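S.K.: Right, I'll just put the structure down here and ask away after.
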Amino acid sequence: KAGVTQTPRYLIKTRGQQVTLSCSPISGHRSVSWYQQTPGQGLQFLFEYFSETQRNKGNFPGRFSGRQFSNSRSEMNVSTLELGDSALYLCASSLGQGIFDGYTFGSGTRLTVV
Amino acid sequence: AQSVTQLGSHVSVSEGALVLLRCNYSSSVPPYLFWYVQYPNQGLQLLLKYTSAATLVKGINGFEAEFKKSETSFHLTKPSAHMSDAAEYFCAVSDANAGNMLTFGGGTRLMVKP
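Each protein sequence line maps, in turn, to chains A and B. The numbering used here puts the first residue of the first sequence at 177, with every later residue one more than the last. The numbering used here puts the first residue of the second sequence at 89, with every later residue one more than the last.
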């Protein structure tokens, strides 16, 4: 079956702009989470969505937001980009019910802010 | 709050040698534990997971890990390293209090010498 698909793979934006990243989870998976990966801070949790509702949120400023659609696809948005937002953004999906058995990750979107 | 410590940001072994990557965690309730591998410019691939069943967990590519509650450890091992094992490895924890949020260790880069 198809894996987690993230688009685009690479993105270059200018400081102050906004960006939207997209994630299509594995078919049947209803939970989608987003993580930011940087060399300095490592992997950090952004938020999790389940059935179109944000279920959990990490410690990021309000410039970072997300949403989930009825087909479980998710988008995350970063407004007023800063240089420090340059990172690999990873999306992950899981069934989202019962015992947590881990996530399947996408290949990520590499965002560079200049 | 959960936390994960991976001892050794870089580990170097010879091809054919034992691989041992260390992970210690803290969790106030029984944890779920995971090892993920990341190849360059890729997302995270699940190697194995512990979700309160058998304490010795076998994963893909010949890797295994043992959950030791008394030591709060979940070290990853492989009897014989292969060149293709060179990658970055991440240990992660979640628990019932954290919902489906993963807390990652800082990662260990494994280098395999011919």
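Every residue, glycine too, gets a C-beta built ideally from N, C-alpha and C. Note that the structure is predicted; figures quoted are calculated from it, not measured.
#1: Just verifying my parser: in three-state terms, what is the DSSP assignment at SER248 (chain A)?
#2: Comparing the C-beta of GLN90 (chain B) with each C-beta of chain A, is any distance below 8 Å?
#3: Taking CB distances under 8 Å as the criterion, tell me whether ASN235 (chain A) reaches chain B.
#4: Rounding to the nearest angstrom, what Cα-Cα distance links ARG249 (chain A) and CYS199 (chain A) in this structure?
#5: Below 7 Å on C-beta distance, what does SER182 (chain B) contact in chain A?
#6: Please report the straight-line C-alpha distance between GLY260 (chain A) and VAL289 (chain A), rounded to a whole angstrom.
#7: Residues in its own chain within less than 6 Å of SER161 (chain B) by CB, not counting five upstream and five downstream?
#8: Around the Cβ of SER209 (chain A), are there at least 16 other Cβ atoms within 10 angstroms (buried) or fewer (exposed)?
#9: Residues of the segment 206-230 of chain A with a CB closer than 7 Å to any CB of chain B: list them in chain order, please.
#10: Using a Cβ-Cβ cutoff of less than 6 Å, which residues in the same chain neighbour SER102 (chain B) once the five nearest sequence positions on both sides are dropped?
#11: Quick one: does the C-beta of THR214 (chain A) sit closer than 7 Å to a heavy atom of the ligand ADP?
#12: Starting from THR285 (chain A), follow the beta strand (DSSP E) in both directions and report where the run begins and ends.
#13: What are the residues of the segment 254-278 of chain A that lie near chain B, defined by any Cβ-Cβ distance shorter than 9 Å?
M.R.: To lay it out plainly:
#1: Counted from its first residue, the first sequence places residue 248 (chain A) at position 72. Here DSSP, grouped into helix, strand and coil, assigns SER248 (chain A) to coil.
#2: As a working note, residue 90 (chain B) is residue 2 in the second sequence. No, GLN90 (chain B) lies away from the interface with chain A (no Cβ there is under 8 Å from its Cβ).
#3: The count along the first sequence starts at 1 and reaches residue 235 (chain A) at position 59. With its beta carbon at least 8 Å from every one in chain B, ASN235 (chain A) lies outside the interface.
#4: Taking the first sequence and counting its residues from 1, the one referred to as residue 249 (chain A) is at position 73. Taking the first sequence and counting its residues from 1, the one referred to as residue 199 (chain A) is at position 23. Distance between the alpha carbons of ARG249 (chain A) and CYS199 (chain A): 6 Å.
#5: Counted from its first residue, the second sequence places residue 182 (chain B) at position 94. By Cβ distance, chain A contributes PHE276.
#6: Position 84 of the first sequence, counted from the first residue, corresponds to residue 260 (chain A). Position 113 of the first sequence, counted from the first residue, corresponds to residue 289 (chain A). Taking the straight line joining both Cα atoms gives about 8 Å.
#7: Numbered from 1 along the second sequence, position 73 holds the residue referred to as residue 161 (chain B). Taken in chain order, the residues that qualify are ASN112.
#8: Position 33 of the first sequence holds residue 209 (chain A). Here SER209 (chain A) is buried. Its C-beta has 16 or more other C-beta atoms within 10 Å.
#9: Correct list: SER207, SER209, GLY218, LEU219, PHE221, GLU224.
#10: Locating residue 102 (chain B) in the second sequence gives position 14, counting from the first residue. Answer for SER102 (chain B): LYS201, listed in chain order.
#11: Among the components modelled here there is no ligand, and therefore nothing to report on the ligand ADP.
#12: Position 109 of the first sequence, counted from the start, is the residue given in the question as residue 285 (chain A). Counting along the chain, THR285 (chain A) sits inside the beta strand (DSSP E) bounded by residues 285-289.
#13: Answer set for the segment 254-278 of chain A: LEU264, LEU266, CYS267, ALA268, SER270, GLY272, ILE275, PHE276, ASP277, GLY278.
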